[in-house]
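Numbering (the UniProt record's numbering), first residue to last: 1 to 213.
Glycine residues also receive a C-beta, built at the ideal position from the N, C-alpha and C atoms.
Source: prediction; values computed, not measured.
Let me begin by presenting the structure, written as structure tokens, before commenting on it.
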């Protein structure tokens, strides 16, 4: 069996736009992905709303991705692939982070995955880095208290190119979600059900290519 950890934020968790609820397992991309790939694969969900790459959020404690990644790896090992889907929350205004700094945070996550201690001696997992779809241009209008502003919009649009370069440098797999989906018009951040389906279908192909299936 191929074990895949999906480590991400609210769009991995499956948050429904403007509803403060979660899509069902068969509606969010992780669950759809499991159904497509079948019993030879195990999709492990580690999605948390507000999660960042490396930043501590004063308004939402416990969202620092680097602080939890090793625990997650230890909990779910052995792993064959880790899918990293973070960066959207990093562009919030109160972090004042550039796209280069966010990519640097992602690089630290990659390093942690590759260098985490494992007394059991399991092989280190492959890594698939996902660039998140940019937040919508009206995110600061429809979400007064979301933490995003117009600078956030611009930075989010820069992440795909920064992540692609990072993936090449670190020799990890890469896929740009912004090339296939965009956030819901409702809140300009989260994905609708059709987008979850599209992501699952595309990632299924990527994963099969990674494992030559």
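DSSP places residue 82 in the uninterrupted beta strand (DSSP E) bounded by 81-85. Residue 169 and residue 84 have their alpha carbons spaced roughly 16 Å apart. Here residue 196 carries a helix assignment [DSSP, helix/strand/coil]. The three-state secondary structure of residue 94, taken from DSSP, is helix.
Residue pairing from DSSP leaves residue 39 without any beta-bridge partner. In the DSSP assignment, residue 60 falls outside any alpha helix (DSSP H), carrying neither H nor E.
In the three-state reduction of the DSSP assignment, residue 68 falls in the helix class. Residue environment for residue 187: buried (at least 16 other C-beta atoms within 10 angstroms of its C-beta). One thing to note: residue 147 has its Cβ within 8 Å of the Cβ of residue 94. If you ignore the 5 residues before and after residue 48, its C-beta comes within less than 7 Å of the C-beta of 9, 13, 63, all in its own chain and listed in chain order. Pairing residue 157 with residue 205, the inter-Cα distance amounts to about 25 Å.
Within the same chain, 82, 84, 110, 113, 172, 173 come within 7 Å of residue 127 by CB-CB distance, once the 5 residues on both sides are set aside.
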